[in-house]
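In the numbering used here, the protein residues as written are 1 to 290.
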């Protein structure tokens, strides 16, 4: 069998590897297809695509968009096959830029709260830590770790940046319908990322899937580094019930999630190439390019 990874992050958002390094690592792992899916940005896609030249790796242009979950929670919508050229691409990028601007304002609020809590850091240090377009909490965490305010990413989020942390500020996100419709506006495939990690009831999740399918949702992420076999079976069952395709990936971030490797997750992840073929067939039936 041949394997794929349809979910990973580069320095364009909150990963530690630049797009070229992601491609090199993907080639080294032997996977046959990779989707780069940075948060609220497509800035790294051209570089990733250029670096597939001379390799047998298939690059799927993607992104991951934050959306409202149950209550005050959050969910993520993956977009696959983001085009290089499309009549609606500029409008699409404007929405992503607005989301990043809101995230920047949120980051600055959290940095100021950290300063009031006695943590010596500046927003310029956070920007330097990020080095990309989409700056987020992992970059603030990186600065805090370097300065010795915590011993691990987990501790940073528990004490400061998680939803119960002392410096936390909620993030402005799209409604899930808006995220799906935004992706469809440029001809992308929309999938719910890691549905079993969403902090919501099963009833809310299934109702939301039905609602989003009516907007054009095409797939569920059924394979993920943090899934158990029970989680995989649950997602497969939902997909069959709602007649949705499957996708999957490592959700690789590099050193920010050091126990998760590209392509293989925590060592046992195997996303079969057959899922990619099914997604492509679905797109052909929708009259979309692959």
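Glycine residues also receive a C-beta, built at the ideal position from the N, C-alpha and C atoms.
From 130, 86, 226 and 143, pick the residue whose C-alpha is nearest to that of residue 119; which is it?
Of the candidates 130, 86, 226 and 143, the one whose C-alpha sits nearest the C-alpha of residue 119 is 143.
Let me know if residue 55 comes out buried or exposed under the rule of 16 or more other beta-carbons within 10 Å of its beta-carbon.
Exposed is the call here.
Throw me the rounded Cβ distance for the residue 191 and residue 78 pair, which I believe falls under 8 Å.
Distance from residue 191 to residue 78 at the Cβ level is roughly 4 Å; contact confirmed, criterion being Cβ atoms closer than 8 Å.
For the putative contact between residue 249 and residue 5, defined by C-beta atoms under 8 Å, what is the C-beta separation to the nearest angstrom?
About 5 Å; that satisfies the 8 Å criterion.
Tell me the rounded alpha-carbon separation between residue 26 and residue 281.
In this structure, the CA atom of residue 26 is about 24 Å from the CA atom of residue 281.
For residue 99, I'd like the list of residues in its chain whose CB is within less than 8 Å of its CB, leaving aside the five on either flank, ordered along the chain.
Excluding positions up to five away in sequence, the list reads 40, 65, 66, 172, 173 and 174.
Closest Cα partner of residue 218 within the set 198, 240 and 231
When each option's Cα is compared against that of residue 218, the closest is 240.
Who does residue 220 pair with in a DSSP beta bridge?
When DSSP reads this structure, residue 220 sits in a beta bridge with 192 and 246.
I think residue 153 touches residue 167, with their Cβ atoms under 8 Å apart; what is that distance to the nearest whole Å?
The pair is not a contact, with the Cβ atoms about 15 Å apart (cut-off 8 Å).
Residues sharing a beta bridge with residue 5, DSSP:
DSSP, once it has assigned bridges, lists 34 as partnering residue 5.
When you compare the stretch 243-260 with the stretch 223-233, are there three or more beta-carbon pairs, one atom per stretch, that lie closer than 8 Å?
Between the stretch 243-260 and the stretch 223-233 there are three or more C-beta pairs closer than 8 Å, enough to call the two in contact.
With burial defined as no fewer than 16 other Cβ atoms inside 10 Å of the residue's Cβ, what is the status of residue 196: buried or exposed?
Buried: at least 16 other Cβ atoms inside 10 Å.
Could you tell me the alpha carbon to alpha carbon distance between residue 127 and residue 283, rounded to whole angstroms?
Cα atoms of residue 127 and residue 283: separation of roughly 38 Å, rounded to the nearest angstrom.
From 57, 42, 14 and 24, residue whose alpha carbon lies closest to that of residue 32:
Ranking the options by Cα distance to residue 32, first place goes to 57.
Work out the CA separation of residue 274 and residue 102 for me, nearest whole Å.
Going from the Cα of residue 102 to the Cα of residue 274 covers about 38 Å.
Residue burial classification, residue 13 (beta-carbon count within 10 angstroms, cutoff 16):
It counts as buried.
Anyone know if the C-beta pair for residue 244 and residue 220 falls short of 7 Å?
Result yes, Cβ atoms of residue 244 and residue 220 sit closer than 7 Å.
Residue interval of the alpha helix (DSSP H) (run including residue 66):
First-last for residue 66: 58-68, but that is the beta strand (DSSP E), not the alpha helix (DSSP H).
Whole-Å CB distance - residue 155 paired with residue 139, under 8 Å assumed:
Between residue 155 and residue 139 the beta-carbon gap is near 16 Å, outside 8 Å, which marks them as no contact.
Beta bridge counterpart(s) of residue 75 as assigned by DSSP
For residue 75, the pairing in a beta bridge is given by DSSP as 67.
Cβ of residue 131 within 7 Å of Cβ of residue 11?
At the C-beta level, residue 131 and residue 11 come within 7 Å of one another.
Candidates 204, 201, 147 and 106, of which the one nearest residue 161 by Cα:
That would be 106, whose Cα lies nearest to the Cα of residue 161.
Please determine, among 87, 52, 229 and 145, the residue with the shortest C-alpha to C-alpha distance to residue 256.
Comparing Cα-Cα distances from residue 256 to each of 87, 52, 229 and 145, the minimum goes to 145.
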